[in-house]
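K.L.:
Chains as they are written, first to last, in this note's numbering: chain F, 113 to 589; chain B, 113 to 589. Okay, handing you the structure first.
2 protein chains.
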Amino acid sequence: MENNKLKEITSRDVDFAKWYTDIVRVAHLADYSSVKGCIVIEPNGYAIWERMQEILDKEFKKLGHVNCQMPLLIPENLLKKEGELVNGFAPEVAWVTKGGEKELDERLCIRPTSETLFCDYYSTHLKSYRDLPKLYNQWCNVLRWEKETRPFLRSREFLWQEGHTIHATSEEAKKETDQMMDVYYRFHHDVLAIPSIRGKKTEKEKFAGAEYTLTNEALMYNGVSLQLGTSHYFGQKFSEAYNVTFTNKENKEEYPYQTSWGTTTRMIGGLIMVHSDDYGLVLPPKIAPKQVVIIPIGNDKEIIDLSESIKKQLLDNEISVYIDNSEKSPGFKFADAEVNGIPIRIEIGKRDLEKNMITFVRRDTREKMQVQIDIDIINYTKKMLDTIQNDMYERAKQRRDSLTFTAHNLKEMEDILNKQPGFIHAMWCGDPKCEEKIKEIKGCKSRCILEDKKPIDDFCVCCGKKAKHYVVWGIQY
Amino acid sequence: MENNKLKEITSRDVDFAKWYTDIVRVAHLADYSSVKGCIVIEPNGYAIWERMQEILDKEFKKLGHVNCQMPLLIPENLLKKEGELVNGFAPEVAWVTKGGEKELDERLCIRPTSETLFCDYYSTHLKSYRDLPKLYNQWCNVLRWEKETRPFLRSREFLWQEGHTIHATSEEAKKETDQMMDVYYRFHHDVLAIPSIRGKKTEKEKFAGAEYTLTNEALMYNGVSLQLGTSHYFGQKFSEAYNVTFTNKENKEEYPYQTSWGTTTRMIGGLIMVHSDDYGLVLPPKIAPKQVVIIPIGNDKEIIDLSESIKKQLLDNEISVYIDNSEKSPGFKFADAEVNGIPIRIEIGKRDLEKNMITFVRRDTREKMQVQIDIDIINYTKKMLDTIQNDMYERAKQRRDSLTFTAHNLKEMEDILNKQPGFIHAMWCGDPKCEEKIKEIKGCKSRCILEDKKPIDDFCVCCGKKAKHYVVWGIQY
Numbered sequence: 113m114e115n116n117k118l119k120e121i122t123s124r125d126v127d128f129a130k131w132y133t134d135i136v137r138v139a140h141l142a143d144y145s146s147v148k149g150c151i152v153i154e155p156n157g158y159a160i161w162e163r164m165q166e167i168l169d170k171e172f173k174k175l176g177h178v179n180c181q182m183p184l185l186i187p188e189n190l191l192k193k194e195g196e197l198v199n200g201f202a203p204e205v206a207w208v209t210k211g212g213e214k215e216l217d218e219r220l221c222i223r224p225t226s227e228t229l230f231c232d233y234y235s236t237h238l239k240s241y242r243d244l245p246k247l248y249n250q251w252c253n254v255l256r257w258e259k260e261t262r263p264f265l266r267s268r269e270f271l272w273q274e275g276h277t278i279h280a281t282s283e284e285a286k287k288e289t290d291q292m293m294d295v296y297y298r299f300h301h302d303v304l305a306i307p308s309i310r311g312k313k314t315e316k317e318k319f320a321g322a323e324y325t326l327t328n329e330a331l332m333y334n335g336v337s338l339q340l341g342t343s344h345y346f347g348q349k350f351s352e353a354y355n356v357t358f359t360n361k362e363n364k365e366e367y368p369y370q371t372s373w374g375t376t377t378r379m380i381g382g383l384i385m386v387h388s389d390d391y392g393l394v395l396p397p398k399i400a401p402k403q404v405v406i407i408p409i410g411n412d413k414e415i416i417d418l419s420e421s422i423k424k425q426l427l428d429n430e431i432s433v434y435i436d437n438s439e440k441s442p443g444f445k446f447a448d449a450e451v452n453g454i455p456i457r458i459e460i461g462k463r464d465l466e467k468n469m470i471t472f473v474r475r476d477t478r479e480k481m482q483v484q485i486d487i488d489i490i491n492y493t494k495k496m497l498d499t500i501q502n503d504m505y506e507r508a509k510q511r512r513d514s515l516t517f518t519a520h521n522l523k524e525m526e527d528i529l530n531k532q533p534g535f536i537h538a539m540w541c542g543d544p545k546c547e548e549k550i551k552e553i554k555g556c557k558s559r560c561i562l563e564d565k566k567p568i569d570d571f572c573v574c575c576g577k578k579a580k581h582y583v584v585w586g587i588q589y
Numbered sequence: 113m114e115n116n117k118l119k120e121i122t123s124r125d126v127d128f129a130k131w132y133t134d135i136v137r138v139a140h141l142a143d144y145s146s147v148k149g150c151i152v153i154e155p156n157g158y159a160i161w162e163r164m165q166e167i168l169d170k171e172f173k174k175l176g177h178v179n180c181q182m183p184l185l186i187p188e189n190l191l192k193k194e195g196e197l198v199n200g201f202a203p204e205v206a207w208v209t210k211g212g213e214k215e216l217d218e219r220l221c222i223r224p225t226s227e228t229l230f231c232d233y234y235s236t237h238l239k240s241y242r243d244l245p246k247l248y249n250q251w252c253n254v255l256r257w258e259k260e261t262r263p264f265l266r267s268r269e270f271l272w273q274e275g276h277t278i279h280a281t282s283e284e285a286k287k288e289t290d291q292m293m294d295v296y297y298r299f300h301h302d303v304l305a306i307p308s309i310r311g312k313k314t315e316k317e318k319f320a321g322a323e324y325t326l327t328n329e330a331l332m333y334n335g336v337s338l339q340l341g342t343s344h345y346f347g348q349k350f351s352e353a354y355n356v357t358f359t360n361k362e363n364k365e366e367y368p369y370q371t372s373w374g375t376t377t378r379m380i381g382g383l384i385m386v387h388s389d390d391y392g393l394v395l396p397p398k399i400a401p402k403q404v405v406i407i408p409i410g411n412d413k414e415i416i417d418l419s420e421s422i423k424k425q426l427l428d429n430e431i432s433v434y435i436d437n438s439e440k441s442p443g444f445k446f447a448d449a450e451v452n453g454i455p456i457r458i459e460i461g462k463r464d465l466e467k468n469m470i471t472f473v474r475r476d477t478r479e480k481m482q483v484q485i486d487i488d489i490i491n492y493t494k495k496m497l498d499t500i501q502n503d504m505y506e507r508a509k510q511r512r513d514s515l516t517f518t519a520h521n522l523k524e525m526e527d528i529l530n531k532q533p534g535f536i537h538a539m540w541c542g543d544p545k546c547e548e549k550i551k552e553i554k555g556c557k558s559r560c561i562l563e564d565k566k567p568i569d570d571f572c573v574c575c576g577k578k579a580k581h582y583v584v585w586g587i588q589y
């Protein structure tokens with residue numbers, strides 16, 4: 113196969129970081145821009161984000177959420193109202209100080225997240241318990257002035273959705289926090305084929321201003337962890353700070369309970385690092401913007417007609433498919449489909465046709481299968497897409513499990529991390545000082561607390577005192 | 113009908129500006145925010161924008177366009193490369209001068225439009241004629257530091273889509289400019305039921321940096337014009353300024369030809385000002401996020417069952433419908449449906465049911481129709497939605513035509529505008545000085561040049577010299 117693009121991809125096992133940026137570039141997912149730390153999301157990358165939006169948005173709406181749009185800018189005094197939030201975000205925001213050639217009286221920051229704006233809105237719109245719950249979400253861009261950036265994983269501007277809900281009772285808000293984490297979890301597992309784990313952040317790692325934060329953490333091929341979605345329970349903290357109140361059933365003024373939850377374009381980075389290989393991008397069929405490419409080899413009428421007929425059959429059955437009828441060589445087209453991660457490639461050539469055969473190629477395993485043209489193409493394709501989806505999930509799970517370790521003391525933790533990063537299960541006393549100390553081992557951090565898990569041990573992996581929590585640790589992006 | 117909300121709506125004929133902001137507020141489309149000149153688009157307003165996006169995006173993709181995402185920020189030196197564009201936009205951009213507590217070496221503006229960013233991207237990605245055309249579009253927020261703002265019509269931040277395409281030949285780029293104007297035109301007419309007119313901007317009114325600008329102009333109920341979408345042909349101007357080149361078939365370096373085209377959330381303002389009335393919002397069925405509301409009067413099992421059954425039938429036939437089963441009174445629900453512009457309201461009450469009847473109410477005409485429950489509800493509803501859509505278009509067209517005038521000289525123009533704003537058809541010599549002079553009459557501007565129109569007269573409406581162009585004039589938002 114003439115895969116010139118292959119030469120441009122560093123091997124995953126030789127230099128993972130370089131391999132990652134090679135995939136991003138060669139599959140035309142994103143490119144650097146003239147603005148330091150900001151990327152251009154190219155059509156191939158944006159199409160993945162559109163699929164993510166489509167699927168998640170439907171789930172959100174099924175659960176009663178509605179979309180809205182808050183302003184991009186936040187006045188400084190509004191941001192300052194909630195102390196922890198400011199301290200958490202102030203060092204990394206961008207400030208607008210000039211508008212229309214005039215110095216502004218009050219500087220405005222570009223939203224790093226929109227809790228403040230939603231609270232400000234709710235404070236003037238909420239009157240009675242009858243208005244509750246408010247289940248709002250927005251799809252937008254946010255900006256955080258990161259020092260080190262990497263396409264999709266950490267960039268100054270990124271796209272995300274942020275849900276912000278308020279409720280009459282704490283129970284209801286907690287249920288919402290939990291429910292949205294479930295939505296993310298199912299999305300990662302069922303659609304992205306990423307076997308993320310679901311838990312609670314420690315006090316140190318939770319969102320600034322939250323009472324607690326739930327998180328989904330995924331393990332990349334190289335054993336490094338990536339946070340893929342979080343859901344925060346705020347209690348009444350923000351509603352007090354922003355004076356959001358409502359009249360309850362007993363006709364008394366009360367502060368409502370609040371949540372927020374978000375996922376970002378970072379998930380595209382996760383998809384790459386879990387599934388892709390040295391031949392380019394590999395996409396699970398359920399998230400792939402195009403699931404099948406048909407490549408006619410030659411211009412014979414019979415070949416063209418069959419290509420069109422298969423395309424039509426698949427399209428009518430809601431399989432997204434296109435014919436690559438560009439002027440390029442078949443070899444180039446094969447490589448192109450491979451680099452771009454199209455789950456199934458159908459090759460239709462003269463020699464095959466003489467034997468009444470066509471060829472299916474799976475992107476994930478690169479297996480070639482010769483198939484009689486009179487089989488039920490629709491069912492065959494559907495089954496193959498399902499198989500690819502399931503196999504990709506299973507392989508990712510096996511990889512995750514093979515990189516999941518257990519440690520009983522610091523020495524064991526060090527030994528594991530010196531060999532290979534991964535998820536390390538270990539008990540913890542709950543003292544942030546132990547978290548700090550563990551961080552000294554190659555920057556290893558708590559990923560999440562797994563509640564209701566049977567303890568591995570009775571003692572903290574770090575200090576040896578009585579253990580309180582079952583924690584998964586890891587090195588993070 | 114207990115329409116308390118009605119009391120909050122100023123009459124359209126008494127104070128149009130106040131009526132407009134009342135509708136925006138009472139129908140919960142948008143609200144002012146803590147950031148001067150920026151609005152919160154509330155769920156009811158955002159749902160309209162989502163419908164607009166859904167329909168337009170499908171059209172764009174059908175024509176081969178793909179979506180992407182450029183950065184929010186533009187470095188000052190990049191913006192400065194194209195002189196006319198800078199001069200056009202520099203006075204109204206917002207500048208980021210600080211990022212993460214540090215003064216920036218080079219200030220960054222928040223995009224007022226993204227020609228510069230697309231050119232910058234194309235300049236590094238375009239190689240050969242084989243890469244052309246590039247048909248890119250993005251849905252995003254932009255910011256222009258306007259002094260006077262009004263929800264949807266003019267706000268500092270707004271949402272839009274901006275298409276940016278490059279082509280190997282001038283003919284192809286011109287065809288694209290034209291084609292996208294057609295897409296907008298059809299969308300306004302067929303979906304928004306707004307009979308916009310389509311023409312070319314004068315030199316003075318065209319987009320900064322464009323060779324020419326095509327525009328769709330609509331007339332509001334009060335006779336004031338609103339620009340609803342523009343499509344620009346740039347020739348090679350930007351590709352020269354940003355050094356975008358490609359190797360043509362003859363193996364020579366050449367500058368490609370460029371277009372851009374956009375529509376914004378301003379269309380929501382247009383929808384309101386063309387169709388709504390003193391009872392609230394009126395939405396054409398094709399753009400209404402919810403087309404039908406079913407209001408059960410009372411809690412009888414028979415009523416609830418019938419409501420659910422009708423809902424299911426309509427949903428299965430792709431009619432968007434909901435049941436208002438909140439705890440509010442029927443009168444409140446009627447008013448709510450009316451204020452929110454739901455095209456059809458179905459009332460199901462006990463007394464009607466005893467006679468085997470239910471009641472349909474059209475929002476646009478407020479007509480009530482009693483209907484036998486055994487009719488074909490699906491067809492009846494579909495037909496009524498079509499009728500509403502067509503009738504709304506026809507009424508808007510009649511209103512537009514009744515406010516369209518012809519002038520042969522300045523005196524006539526003045527007389528018309530002193531009575532009533534509207535579209536004024538008049539000939540023009542092409543001299544910008546005449547445009548300036550006409551503007552002195554209540555700020556009246558050229559809306560667009562209608563090409564291929566039979567001249568009304570041989571002489572310029574202003575100076576009396578030989579006329580060159582057939583122009584529609586009007587006072588604008």
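Beta carbons: idealized from backbone N, C-alpha and C, even for Gly.
(1) So if I threshold CB-CB distances at 7 Å, which residues from the stretch 486-503 of chain B count as touching chain F?
(2) In the DSSP assignment, what are the bridge partners of Ala-330 of chain B?
(3) So, under 8 Å CB-CB, Val-178 of chain F and Leu-247 of chain F are touching, yes? Tell me the CB distance rounded to an integer number of Å.
(4) Can you check the stretch 362-421 of chain F for any beta strand (DSSP E) of at least 3 residues that lies completely inside it and give the ranges in chain order?
(5) Do you know how far the Cα of Thr-359 of chain B is from the Cα of Gly-149 of chain F?
(6) May I ask you to list the residues that DSSP assigns as paired with Gln-250 of chain F?
(7) Chain F beta carbons: is any one of them nearer than 7 Å to that of Asn-253 of chain B?
(8) Just grab the DSSP bridge partners of Ile-587 of chain B for me.
(9) Taking only beta-carbon atoms, is Asn-179 of chain B less than 7 Å away from chain F?
(10) For Met-504 of chain B, which three-state DSSP category applies?
(11) Below 8 Å on C-beta distance, what does Asp-232 of chain B contact in chain F?
(12) Would you tell me roughly how many angstroms separate the C-alpha atoms of Phe-346 of chain B and Thr-277 of chain B, rounded to the nearest one?
(13) Does the distance from the C-beta atom of Pro-263 of chain B to that of Ala-142 of chain B stay below 7 Å?
(14) Please check if any C-beta of chain F sits within less than 7 Å of the C-beta of Glu-269 of chain B.
(15) Out of curiosity, what's the CA-to-CA distance linking Arg-457 of chain B and Pro-401 of chain B?
(16) Could you tell me which of B:Val-336, B:Tyr-333, B:Gly-321 and B:Thr-314 sits nearest to Thr-327 of chain B, measuring between CA atoms?
(17) Cys-180 of chain F and Glu-154 of chain B: beta carbons closer than 7 Å?
(18) Do you know offhand how far Phe-444 of chain B's Cα is from Asn-452 of chain B's?
(19) Say whether the stretch 286-302 of chain B touches the stretch 528-539 of chain B, bearing in mind that this needs 3 or more beta-carbon pairs closer than 8 Å, one atom from each stretch.
(20) Can you give me the C-alpha to C-alpha distance between Met-332 of chain F and Met-182 of chain F, rounded to a whole angstrom?
(21) Report the partner residues of Met-182 of chain F according to the DSSP bridge assignment.
(22) Residues in its own chain within less than 8 Å of Ile-587 of chain F by CB, not counting five upstream and five downstream?
(23) Consult DSSP for Glu-547 of chain B and reduce its assignment to one of helix, strand or coil.
(24) Can you give me the start and stop residues for the alpha helix (DSSP H) that Thr-209 of chain F sits inside?
(25) At the 7 Å Cβ level, is Thr-133 of chain F part of the contact set with chain B, yes or no?
(26) Could you check the C-alpha separation between Met-113 of chain F and Ala-447 of chain F for me, to the nearest Å?
(27) What's the call for Lys-514 of chain B, buried or exposed, on a 16-neighbour Cβ count within 10 Å?
(28) Apply the 10 Å Cβ neighbour rule to Val-573 of chain F and answer buried if 16 or more other Cβ atoms are within range, or exposed otherwise.
(29) The stretch 422-447 of chain B: which residues have C-beta closer than 8 Å to a C-beta of chain F, in chain order?
(30) So the candidates are F:Arg-268, F:Ser-343, F:Gly-275 and F:Thr-375; which of them puts its Cα closest to the Cα of Lys-286 of chain F?
(31) Taking C-beta pairs closer than 7 Å, name the residues in chain B that Ile-153 of chain F reaches, listed in chain order.
(32) Would you say Glu-114 of chain B faces chain F, with C-beta separation under 7 Å as the test?
P.N.:
For this structure:
(1) none
(2) Counting from one through the second sequence, the residue named residue 330 of chain B turns up at place 218. Beta-bridge pairing links Ala-330 of chain B to B:Leu-338.
(3) Against the first sequence, residue 178 of chain F aligns to sequence position 66. Against the first sequence, residue 247 of chain F aligns to sequence position 135. The Cβ separation is near 7 Å, so the contact holds.
(4) 369-376 and 404-408
(5) Here the question's residue 149 of chain F lines up with position 37 in the first sequence. Here the question's residue 359 of chain B lines up with position 247 in the second sequence. Whole-angstrom Cα-Cα distance: 31 Å.
(6) Position 138 of the first sequence, counted from the first residue, corresponds to residue 250 of chain F. The bridge partners DSSP lists for Gln-250 of chain F are F:Glu-274.
(7) On the second sequence, position 141 is the one that residue 253 of chain B refers to. Taking 7 Å as the threshold, the shortest C-beta distance from Asn-253 of chain B to chain F falls below it.
(8) In the second sequence, counting from the first residue as 1, residue 587 of chain B sits at position 475. For Ile-587 of chain B, which the question treats as bridged, DSSP gives no partner whatsoever.
(9) As a working mapping, residue 179 of chain B is identified with position 67 in the second sequence. By this cut-off, Asn-179 of chain B is an interface position.
(10) Position 392 of the second sequence, counted from the first residue, corresponds to residue 504 of chain B. Three-state result, Met-504 of chain B: helix.
(11) To locate residue 232 of chain B, count along the second sequence from 1; it is residue 120. Simply Ser-145 and Ser-146.
(12) As a working note, residue 346 of chain B is residue 234 in the second sequence. As a working note, residue 277 of chain B is residue 165 in the second sequence. Phe-346 of chain B and Thr-277 of chain B: Cα-Cα distance of roughly 10 Å.
(13) Taking the second sequence and counting its residues from 1, the one referred to as residue 263 of chain B is at position 151. Taking the second sequence and counting its residues from 1, the one referred to as residue 142 of chain B is at position 30. Their beta carbons are under 7 Å apart, which means Pro-263 of chain B touches Ala-142 of chain B by this criterion.
(14) Sequence index remark: in the second sequence, residue 269 of chain B carries index 157 (1-based). Taking Cβ atoms only, chain F reaches closer than 7 Å to Glu-269 of chain B, which makes this a yes.
(15) Here the question's residue 457 of chain B lines up with position 345 in the second sequence. Here the question's residue 401 of chain B lines up with position 289 in the second sequence. The C-alpha of Pro-401 of chain B is placed about 14 Å away from the C-alpha of Arg-457 of chain B.
(16) The residue you call residue 327 of chain B lines up with position 215 of the second sequence. Of the listed residues, the one whose Cα sits closest to Thr-327 of chain B is B:Thr-314.
(17) The count along the first sequence starts at 1 and reaches residue 180 of chain F at position 68. The count along the second sequence starts at 1 and reaches residue 154 of chain B at position 42. Result yes, Cβ atoms of Cys-180 of chain F and Glu-154 of chain B sit closer than 7 Å.
(18) As a working note, residue 444 of chain B is residue 332 in the second sequence. As a working note, residue 452 of chain B is residue 340 in the second sequence. Between Phe-444 of chain B and Asn-452 of chain B, the C-alpha separation is close to 12 Å.
(19) no
(20) To locate residue 332 of chain F, count along the first sequence from 1; it is residue 220. To locate residue 182 of chain F, count along the first sequence from 1; it is residue 70. Each residue's Cα considered, the two are about 34 Å apart.
(21) Here residue 182 of chain F refers to the residue found at position 70 of the first sequence. BP columns for Met-182 of chain F are empty, so no partner.
(22) The residue you call residue 587 of chain F lines up with position 475 of the first sequence. Correct list, in chain order: Gly-335, Val-336, Ser-337, Leu-529, Pro-533, Lys-554, Gly-555, Cys-556 and Lys-557.
(23) As a position in the second sequence, residue 547 of chain B is number 435, starting the count at 1. Helix at Glu-547 of chain B.
(24) Walking along the first sequence from the start, residue 209 of chain F turns up at place 97. Premise fails: Thr-209 of chain F lies in the beta strand (DSSP E), 206-211, not in any alpha helix (DSSP H).
(25) Sequence index remark: in the first sequence, residue 133 of chain F carries index 21 (1-based). Cβ-Cβ to chain B under 7 Å: no for Thr-133 of chain F.
(26) Mapped onto the first sequence, residue 113 of chain F falls at position 1. Mapped onto the first sequence, residue 447 of chain F falls at position 335. Any answer about Met-113 of chain F is weak, because its pLDDT of 44 lies below 50 and its placement is not dependable; what the coordinates show is given next. Spanning the two alpha carbons is a distance of roughly 7 Å.
(27) For the purposes of this step, residue 514 of chain B is identified with residue 402 of the second sequence, where counting begins at 1. The residue asked about is misnamed: residue 514 of chain B is Ser in this sequence, not Lys. The residue is exposed, with fewer than 16 neighbouring Cβ atoms inside 10 Å.
(28) Position 461 of the first sequence, counting from 1, holds the residue named residue 573 of chain F. Answer is buried; the Cβ neighbour count reaches 16.
(29) Glu-439
(30) Counting from one through the first sequence, the residue named residue 286 of chain F turns up at place 174. For the residues F:Arg-268, F:Ser-343, F:Gly-275 and F:Thr-375, the minimum Cα distance to Lys-286 of chain F belongs to F:Ser-343.
(31) Taking the first residue of the first sequence as 1, we reach residue 153 of chain F at position 41. Near Ile-153 of chain F (Cβ distances below 7 Å), the residues of chain B are Cys-180 and Gln-181.
(32) To locate residue 114 of chain B, count along the second sequence from 1; it is residue 2. Residue placement at Glu-114 of chain B is poorly supported in this model, since its pLDDT is 48, which falls under 50; the coordinates still yield a value, given next. By this cut-off, Glu-114 of chain B is not an interface position.
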